[in-house]
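There are 2 protein chains.
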Amino acid sequence: MRITSLDEYGLRCLLAIALKGPGAQLSIPEIAEMEGLSESYVGKLLSLLKKGKLINAVRGRAGGFSLARSPDRMTLLEAVTTLGGPLLDPNHCSRYTGLLEKCVHFECCSVRYILGGLAESVAEFLSQTTLKDIIEADDLNNKDWQEGISRTNNLLPEKNRAKQTVFKI
Amino acid sequence: MRITSLDEYGLRCLLAIALKGPGAQLSIPEIAEMEGLSESYVGKLLSLLKKGKLINAVRGRAGGFSLARSPDRMTLLEAVTTLGGPLLDPNHCSRYTGLLEKCVHFECCSVRYILGGLAESVAEFLSQTTLKDIIEADDLNNKDWQEGISRTNNLLPEKNRAKQTVFKI
DNA sequence: GGAAAACAACACTTTATTGTAAAGTTTTAT
DNA sequence: ATAAAACTTTACAATAAAGTGTTGTTTTCC
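Chains as they are written, first to last, in this note's numbering: chain A, 480 to 648; chain B, 480 to 648.
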């Protein structure tokens with residue numbers, strides 16, 4: 480399991496498209512400008528999202544990218560697994576084998592069950608939040624920002640709210 | 480957030496010591512042999528665990544490592560954060576800035592809240608499982624294994640059980 | 001039909017993570 | 001005392017991830 484750069488930046492690009500509105504298109508140069516990323520990198524991220532069928536691409540001079548489905552039917556779990564692969568590597572046990580050909584706990588492994596349960600817990604969390612939730616939260620967040628308050632946290636699905644400030648910026 | 484190699488292997492080493500029994504010592508060569516890892520690597524992992532005060536080290540010929548506390552007072556959260564650092568990098572926002580000096584969402588960021596909530600969710604999960612839980616599960620798991628059954632999953636704290644097989648081995 | 005704008009694919013450089021090697025320090029058994 | 005066994009530290013090599021550059025293809029506007 481890992482929340483990587485691909486997840487972080489890819490999610491931002493996806494949100495940028497979603498925030499543009501239903502059916503709206505956004506080009507690579509536009510997204511790169513908006514998000515402060517290079518066009519090459521945005522191109523790479525969007526090609527991943529396209530492979531995962533989260534966005535549609537139109538080529539040519541008037542081309543761009545649009546959301547493949549309505550935001551309320553697109554979960555964070557889909558986005559994250561599309562961008563960064565499955566939460567828990569299916570080859571986990573054959574990847575972390577140490578010096579040997581086969582992990583010494585291959586037959587019977589407690590850590591495996593712990594990580595399995597953890598991955599499910601994360602998957603449940605992520606599948607409970609859709610892009611629509613984020614859009615609505617972001618919408619109000621921007622208005623509140625100008626009034627000097629922040630209630631973004633209260634707009635997310637009940638189970639997914641942060642109880643305290645996690646980032647100190 | 481990330482479950483890394485350090486987490487995976489470090490946790491195995493910690494469990495090896497815990498499984499040895501209360502107060503028991505285990506040396507680097509012994510753990511390396513048991514876990515199928517190089518002595519160098521085990522040394523590195525154990526030095527992290529020692530810095531986090533999860534284990535005590537005794538130097539010299541009759542030296543080795545022992546658990547610093549009883550297993551029921553040592554959570555997975557402590558182990559994971561000691562080995563791999565905080566679940567969510569405190570510098571997250573200044574790390575993922577793209578091309579610019581400052582992330583374009585620095586002032587007002589929806590993704591930040593989502594990831595904050597996710598990190599809390601994972602922290603809650605990990606803090607609910609102690610080393611003792613794993614030891615007991617592992618104990619029965621080993622007995623069951625010989626009878627051809629596996630109920631390890633049912634021995635973990637209620638919320639932390641995997642509902643289905645996550646690994647296919 | 002030609003040029004411009006945009007997506008697509010892939011190789012490549014840079015950077016961070018992983019894991020190893022080696023030299024040093026401490027303690028104990030003899 | 002001395003040697004062996006074990007922990008400690010730091011520097012280094014191997015590998016994987018992150019991000020960029022280049023070239024090519026598609027479409028549209030004029």
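Note that CB positions come from ideal geometry on N, CA and C, so glycine has one too.
Quick caveat, the model's predicted, so the values are computed rather than measured.
Select from the options the residue whose C-alpha is nearest the C-alpha of residue i.
i	options	result
residue 585 of chain B	A:533, A:482 and A:620	A:620
residue 616 of chain A	B:583, B:587 and B:604	B:587
residue 555 of chain B	B:641, B:510 and B:493	B:493
residue 514 of chain B	A:549, A:581, A:593 and A:536	A:581
residue 549 of chain B	B:511, B:568, B:537 and B:532	B:532
residue 534 of chain A	A:541, A:613, A:542 and A:525	A:525
residue 563 of chain A	A:512, A:499, A:523 and A:614	A:523
residue 590 of chain B	A:641, A:600 and A:551	A:641
residue 527 of chain B	B:539, B:489 and B:543	B:489
residue 611 of chain A	A:487, A:505 and A:546	A:546
residue 540 of chain A	A:521, A:508, A:571 and A:516	A:508
residue 594 of chain B	A:608, A:512 and A:599	A:608
residue 542 of chain B	B:583, B:503 and B:572	B:503
residue 561 of chain B	B:530, B:551 and B:583	B:530
Would you kindly work out how many angstroms separate the C-alpha atoms of residue i and residue j, rounded to a whole number?
i	j	result
residue 596 of chain B	residue 635 of chain A	9 Å
residue 559 of chain A	residue 553 of chain A	11 Å
residue 606 of chain A	residue 536 of chain B	43 Å
residue 638 of chain A	residue 519 of chain A	37 Å
residue 486 of chain A	residue 557 of chain B	25 Å
residue 491 of chain A	residue 578 of chain A	39 Å
residue 505 of chain A	residue 516 of chain B	50 Å
residue 622 of chain B	residue 538 of chain B	35 Å
residue 483 of chain A	residue 484 of chain B	15 Å
residue 575 of chain A	residue 480 of chain B	19 Å
residue 618 of chain A	residue 603 of chain B	29 Å
residue 570 of chain A	residue 573 of chain B	32 Å
Mind pulling the chain B residues with CB within less than 7 Å of residue i?
i	result
residue 579 of chain A	515
residue 557 of chain A	Going along chain B, no residue has its Cβ under 7 Å from residue 557 of chain A, so there is no contact; the nearest lies around 14 Å.
Taking Cβ-Cβ distances shorter than 8 Å, what residues in chain B pair up with residue i?
i	result
residue 484 of chain A	575
residue 480 of chain A	480, 481 and 482
residue 635 of chain A	592, 593 and 596
Determine the chain A residues that contact residue i at a beta-carbon separation under 7 Å, and present them in chain order.
i	result
residue 491 of chain B	590
**Asked** Which of the residues in the region 597 to 618 of chain A, read from start to end, lie with their CB under 8 Å from any CB of chain B?
**Response** 597, 598, 599, 600, 601, 604, 605, 608, 613, 616 and 617
**Request:** Inspect the CB distances between the region 565 to 580 of chain B and the region 497 to 508 of chain A and report whether three or more fall short of 8 Å.
**Result:** no
**Asked** If you measure beta-carbon to beta-carbon, which residues of the region 504 to 537 of chain B are closer than 9 Å to chain A?
**Response** 511, 513, 514, 515, 516, 517 and 520
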